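The structure appears right after this line, and notes come after that.
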Amino acid sequence: MFAELMEASVVISVLAATIRIATPVLLAALGELVAERAGVYNMGVEGTMLMGAFTAYLAASASGSLWLGVGAALMTGALASLVFAFLVITLRIEQIVTGLAINLLGSGLTVFWLRAAFADADQTPTIPLFAALPLPGLADLPWIGPVVFQQKALTYVALLAVPAVWFFLFRTRPGLDLRCCGENPKALDIKGHSVAARQYAAVVFGGAMAGLGGAFLTLAASARFVPEITNGRGWLAIVIVIAGMWRPVPVLLATLAFSFLDALQLQIQGIGITVPYQLLLAAPYVFALVVLALRRSHSGAPARLGIAYRREGG
Amino acid sequence: MSRGAFSGWRLEPLADVPLRRRALAAASALTLAALLCGLLFLAAGANPFLAFAALVKGAFGSWRTATETLVKATPLIFTGLAAAVAFRARLWNIGAEGQVFAGAMFAYWVQHGLAGQPMALQLPVVVLGAMAGGALYAALAGVLRTAFRIDEVISTVMLNYIIVYMLSMLLLKGPWSEAGGFFEQTAKVDPGSILPALFPGSRLHLGFLLALAAAFLVQVLITRTPLGYEIRAMGSNLRALQVQGTSTVRIVLVVMALSGLLAGLAGATEVYGVHYRLKSGAVAGYGYAGIVVAILGGLRPWGVVCAAILFGALVNGATYMQIATGVPSALIYAIEAIILLFYLAGWAASGFRLRRAAHVR
Amino acid sequence: MTDAPPRLEIRNLTKRFGSFTANDGISLTVRAGELHCLLGENGAGKSTLSSCLFGLLQPEEGVVLVDGRALSLWSPADAIAAGIGMVHQHFVLVPAFTVLENIMVGTGRGLLADRKAARARVAGICRSYGLALDPDRPVSQLSVGEKQWVEIVKSLYLGARLLILDEPSAVLTPQESERLFVILRQLAASGIAVILISHKMREVMQSDRVTVLRRGRKIATVDTAGVTSDELSEMMVGRRVRPVTAAAAAPVAPAAEPLLSVGGLRLALARGRATAAIDLELGRGEILGIAGIAGNGQDELLETIAGLVPAEAGEIRLEGRPLSGLSAQAVAAMGVGYVPGDRFRDGLVPDFSIAENLILGAQWQKALRRGPLIDAAAVQARGEAAIAGFAIAASGPVMRCARLSGGNAQKVILAREFAKARRLLLCNQPTRGVDVGATEFIHAELLRKRGEGCAILLVSEEIDDLLALSDRIAVMFGGGIAGLFRRDEADVARIGRLMAGQGAGQAA
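Residue numbers (the numbering used here), protein chains in the order written: chain A, 1 to 314; chain H, 315 to 675; chain B, 676 to 1183.
Here you go:
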């Protein structure tokens, strides 16, 4: 078995699949990273991804344009998290409960709308997927070429987002202010700046990214929407932010680690090894628990994560 | 800048909010939710009033349908209680979904070897097995929190996904699959293990009474026992309990086990009271719905019962609604979520007041 | 003398909270380059006034003028734009950020964070006022005094020409306090107006002018050079100040065997600071007061004896029986009560009623149960007894503790812990933030407990309280005991030196 796995073409295929599979989770994780750096714990990533996936599919199949689908997903994600932001930032409702409610909303609305919009919900029309976008010149490099530079457009977006988020958080002035909201919002408030505005922006960004991640699932991976298509990727994104200590590059590495497991599982199935496929499917979740158990403390967490900010008078 | 926050309108938190204000706000929020749902009905191409009427008729229209509503409510009472108990202690057990599975699986595991034995033996085994299975699976998350500091929100969600795959392994050409069958399910369970029906002509079974008994016991536990005191104290100020030397580790493990125990019972009632087989479709979905039920019920046992019956009515009426008006029954899941969100918003908003900011001369 | 308008002028400022008037028609002026002190007791209205100046609160009446211009201060942003800066009593810093980042946050324009420019400006400010700050050190690693400098630089960076400091030396050693005043003097010399809010006479006497507030009204503004501290104290409290008298109760005869003995105890202090061994003994019916600046091990000492935190080394014995190594519950069972310093965080469950809070920790006791259930009648009765016995201002035992005032909440905790403390009572800041009436009551109760033969370890920031109540006083510094004397041997100057670490020969 090992000999088969170690063949160059197989290795390349697994690594390329890793990056491809990583895309939706990476997008959602980077978005959640920003939101959590601003102090907001958005548990509703799963539902937001789901809603993004669905509206992307709906818009694309209705209009024939994939990029319109992307736009729809971005807007859906932003809108859903705007609602979430209002509930937890302005009304200060418990963040965990509200996140769950968003997940339920995502599940419920997408299933309902799917059945309402399509006569036969089990045979919804497929849409043409995003094609791979090999980058000229780079795609021909040995090894790296086929693995990294023959991916789809959204994957490049996700990979570029890693240094972009890093730069924003750690090298720009608004990024510093945003991190302050997650560490000690009073310090920013007392200088006369709005904590809430920044938290809203961070949460909406996170939601848009989650929506975009969902869009990848329907527009670049499977060609139609099925209920619960996200299958826990949103939750994995949350785990990855913790495992990645709220820093973009470790988040990327953690995402790749999880996706590698997934890619490996697909390859093994293809070869026909008799391991029950359910074990392989469950592996990422078990792995998540192991990773969290090994990281004994929430080091690197923004100090005021999850705590709604209330300005005390005087 | 932030000038706008001060000159103009301002949301001011109220110090002490009377229950009446909260309830009034919740009621208005639910009315708004109903309006939004009406829009959804329209979007599905149906007359909202007709659709709603069909929903009600499907839920309570006859003796048979009314008892069927209670059948649908039964597992929700259990998972609602499970969530309520944990949430009162601010233990975010999102794992009722998996704990229902665990309860059903453990019950089946200990029961199916007893086929042929009298009901007096099999039924208690089923009930106790379900309790044990759910309790153990939930306690696992408790251990992960106390020994490894893993947030129970995340660990329970991960465990939810894991156990679904475990069940699939057992049922799809696995050791428990029905011999000669094509579906992912077990053979029909022994008649001696089936929860007896309460009335002829309806599916309402013993599980419903067990659920009501559980609600009563949980109410007594929370309000009148030392453990209930500790649960409420932990939910309000965990640190103060620790300073007194009370072991919060013990409380976390006990409460998680208790929560899982209740959820596990939902698994048993569905397998042994309704479907008579262990299969994924029999036990899925109740955990997350139970959380909604718990919140709408104000985390109080009798509120949970009422909310569970409401949701049971929605589920039951939806099938008739789909037949009568063509509105997909899946709408009710969206309705559940909308009700929850508006309820949360209404409850929270009632804790604020809109004021014009005072002006300096 | 030029007729430049004063840096700050307040005319007739009035601030009300409902029916309560916190500031009543206050008028004062502060000139540029002046060190102006705002003096008053707790509740006199100092904090409210400064909050109004910083835009955190909006007064109902009155005008605020900076350099002659009338201003509407709707928010801190407006105050900052007007050149008003504030250093709060509880610092508003981000421990995870560096000094530079803390100063830069919320400033500047443009996308990129211009660290070079900021660094240069901060260096310039530090040079001008003799502050030694490393801009790249994380704030979590700074000493309390250094953190305060960061707060000052923050305000100066934003262009403050009026600086308000709220009780700045509450958290400083006398050495750090002196250094602070040197810096403040330099600020004043460079033309900045400094307002110092304080109720400590030592600081007040170092200012140029003093405004005394009492119960929301301004009593007077005087030149500091022309008054004595006694006159100021009299203005502050409105009556002749009686010198502190010895406690009324007669000293208890020393028992043969000490009740509490602590030998070779080393506390586990934060950040692994090495500590000296603690030896002390406490007899029956004796109050040992523990003085010291916050953060020198007093909290840890009480927590260790109470069994919440294990000691690094050493042993504790109660009536000869070992106490160290026991759980908090076991320690309480031996007749030890513990009144924590942070009453709402550590001492109470805010959503619970008074009666329920009284049984916190005792919820499994057989005396409070009937079978598996809690005996509600017994719990209620305890609640009523406590309300009566401790004069708690509440509507009844079912009232939620979150709605109690600080003093009444403290009384609930005392009622609970007094009942537990048959032998030993550990008290951390029992009268902090408590009004005068409740404070007197609590003092009387402590003396009564002492009269019953209970030993009391009393940690307090108020040296006067300790002098009034204690039989002996210990001073803690750096996690060890720097000095120990009987009340009649104690003098404030000596205690102050020991609090600062002078005399024990120990660096921080």
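We put the beta carbon where it would ideally sit given N, CA and C, even for glycine.
Note that the structure is a prediction, hence the values are computed from the model and not measured.
For Y647/H, report the span of its alpha helix (DSSP H) as first-last. Counting from one through the second sequence, the residue named residue 647/H turns up at place 333. Following the DSSP letters along the chain, one finds Y647/H inside the alpha helix (DSSP H) bounded by residues L645 to A663.
Would you please verify whether the beta carbon of R1169/B is less than 8 Å from any beta carbon of chain H? Numbered from its first residue, the third sequence carries residue 1169/B at position 494. Against chain H, the CB of R1169/B has no partner CB under 8 Å away; the residue lies outside that interface.
Rounded to the nearest angstrom, what separates I240/A and L26/A at their Cα positions? Your numbering for residue 240/A matches position 240 in the first sequence. Your numbering for residue 26/A matches position 26 in the first sequence. I240/A and L26/A: Cα-Cα distance of roughly 9 Å.
Residues of chain A with CB closer than 7 Å to the CB of Y602/H, please, in chain order. As a working mapping, residue 602/H is identified with position 288 in the second sequence. Here the neighbours are L104.
Between the segment 450-479 of chain H and chain A, which residues of the former have a C-beta closer than 9 Å to a C-beta of the latter? L458, A461, F462, R463, I464, D465, V467, I468, S469, V471, M472, L473, N474, Y475, I476, I477, V478 and Y479
Does any residue of chain H have a CB that is nearer than 8 Å to the CB of G982/B? As a position in the third sequence, residue 982/B is number 307, starting the count at 1. Judged by the 8 Å Cβ criterion, G982/B is in contact with chain H.
Taking C-alpha atoms, which residue in E735/B, A707/B and G708/B lies nearest to I701/B? Within the third sequence, numbered from 1, the residue matching residue 701/B stands at position 26. Ranking E735/B, A707/B and G708/B by Cα distance to I701/B puts E735/B first.
S936/B by DSSP, collapsed to three states: which one? Position 261 of the third sequence, counted from the start, is the residue given in the question as residue 936/B. Correct three-state label for S936/B: strand.
Does the beta-carbon distance from A429/H to A101/A come in below 8 Å? As a first step, residue 429/H must be located in the second sequence, where it is residue number 115. As a first step, residue 101/A must be located in the first sequence, where it is residue number 101. No.
Backbone secondary structure at S9/A - three-state DSSP: Translated into positions along the first sequence, residue 9/A becomes position 9. The answer is helix: DSSP assigns S9/A an H, G or I state.
For P642/H and L512/H, what's the separation of their Cα atoms in angstroms? Here residue 642/H refers to the residue found at position 328 of the second sequence. Here residue 512/H refers to the residue found at position 198 of the second sequence. When rounded, the distance between both Cα atoms is 31 Å.
For M779/B, list the residues DSSP reports as bridge partners. Taking the first residue of the third sequence as position 1, residue 779/B is located at position 104. None, per the DSSP bridge assignment.
To be precise: take each residue of the segment 1081-1108 of chain B, compare its Cβ to all Cβ atoms of chain A, and keep it if any distance is under 7 Å. Which residues remain? none
Between S999/B and T782/B, what straight-line distance do the alpha-carbon atoms span, to the nearest angstrom? Sequence index remark: in the third sequence, residue 999/B carries index 324 (1-based). Sequence index remark: in the third sequence, residue 782/B carries index 107 (1-based). One C-alpha to the other measures close to 51 Å.
Of all the alpha helix (DSSP H) runs that stay within the bounds of the segment 568-628 of chain H, which reach a length of 4 or more residues? 594-597 and 600-610
Grab me the residues of S316/H's own chain with a C-beta within less than 6 Å of its C-beta, minus the 5 sequence neighbours each way, in chain order. As a position in the second sequence, residue 316/H is number 2, starting the count at 1. Reliability fails at S316/H, whose pLDDT of 36 lies under 50, so the model's placement of it is uncertain and the value that follows must be treated cautiously. Excluding five sequence positions before and after S316/H, none of the CB atoms of its chain fall closer than 6 Å to its own CB.
Backbone secondary structure at C1076/B - three-state DSSP: Reading the third sequence from its first residue, position 401 is the one you call residue 1076/B. DSSP places C1076/B in helix when its eight states are reduced to three.
Find the residues of chain B that neighbour A187/A, judging by a C-beta separation of less than 8 Å, and give them in chain order. Reading the first sequence from its first residue, position 187 is the one you call residue 187/A. V767, L768, V769, N777, V780 and G781, listed in chain order.
How long is the line joining the alpha carbons of L976/B and G693/B, rounded to whole angstroms? As a first step, residue 976/B must be located in the third sequence, where it is residue number 301. As a first step, residue 693/B must be located in the third sequence, where it is residue number 18. The alpha-carbon atoms of L976/B and G693/B are separated by roughly 42 Å.
Could you tell me if Q1085/B is buried or exposed, where buried requires 16 or more neighbouring beta carbons within 10 angstroms of its beta carbon? Within the third sequence, residue 1085/B is the residue found at index 410, counting from 1. Looking at its Cβ environment, which holds 16 or more other Cβ atoms inside 10 Å, Q1085/B is buried.
DSSP state of V1014/B, grouped into three classes? Translated into positions along the third sequence, residue 1014/B becomes position 339. Three-state result, V1014/B: strand.
Judging by CA-CA distance, which residue of Y657/H, I649/H, A662/H and F656/H is the nearest neighbour of C351/H? Against the second sequence, residue 351/H aligns to sequence position 37. Closest option to C351/H, Cα to Cα, is I649/H.
Whether or not the segment 528-535 of chain H and the segment 604-618 of chain H are in contact is what I'm after, with contact meaning three or more pairs of Cβ atoms, one per stretch, closer than 8 Å; do they touch? Verdict: yes, contact present.
How would you call W661/H, buried or exposed, if buried means at least 16 neighbouring beta carbons within 10 angstroms? To locate residue 661/H, count along the second sequence from 1; it is residue 347. So W661/H counts as buried.
Is G506/H closer than 8 Å to P438/H when the C-beta atoms are compared? Indexing the second sequence from 1 puts residue 438/H at position 124. Indexing the second sequence from 1 puts residue 506/H at position 192. Not in contact: P438/H and G506/H (Cβ atoms no closer than 8 Å).
Closer than 8 Å by beta-carbon distance: list the chain B residues that pair up with T172/A, in chain order. Taking the first residue of the first sequence as position 1, residue 172/A is located at position 172. Within 8 Å Cβ-Cβ: L786, L787 and A788.
Shortest alpha-carbon distance to G515/H belongs to which of Y479/H, R378/H, G559/H and L450/H? Locating residue 515/H in the second sequence gives position 201, where the first residue counts as 1. Looking at the Cα atoms, R378/H is the closest of the given residues.
Rounded straight-line distance, which links the Cα of R92/A to that of A308/A: Locating residue 308/A in the first sequence gives position 308, counting from the first residue. Locating residue 92/A in the first sequence gives position 92, counting from the first residue. In a straight line, the C-alpha of A308/A is about 6 Å away from that of R92/A.
Burial state of R402/H, where buried means 16 or more other Cβ atoms lie within 10 Å: Sequence index remark: in the second sequence, residue 402/H carries index 88 (1-based). R402/H comes out buried.
Are any of the Cβ atoms in chain H nearer than 8 Å to that of T98/A? Locating residue 98/A in the first sequence gives position 98, counting from the first residue. At least one chain H Cβ lies under 8 Å of T98/A.
So which residues on chain B does I190/A lean against when the C-beta distance must stay under 7 Å? Residue 190/A sits at position 190 when you count from the first residue of the first sequence. Within chain B, the residues near I190/A are P751 and V767.
For S664/H and chain B, any beta-carbon pair shorter than 8 Å? Here the question's residue 664/H lines up with position 350 in the second sequence. With its beta carbon at least 8 Å from every one in chain B, S664/H lies outside the interface.
From which residue to which residue does the alpha helix (DSSP H) around N103/A run? On the first sequence, residue 103/A is found 103 positions in, with the first residue counted as 1. Residues Q95 to A117.
Give me the subset of the segment 1010-1021 of chain B whose CB atoms are less than 7 Å from a CB atom of chain H, sorted by chain position. Correct list: P1015, R1020 and D1021.
Any C-beta of chain B within less than 7 Å: which residues of the segment 545-559 of chain H qualify? A547, S550, N551, R553, A554, V557, Q558 and G559
Taking C-alpha atoms, which residue in S803/B, Y804/B and A798/B lies nearest to D811/B? In the third sequence, residue 811/B corresponds to position 136, counting from 1. Measuring from the Cα of D811/B, the nearest candidate turns out to be A798/B.
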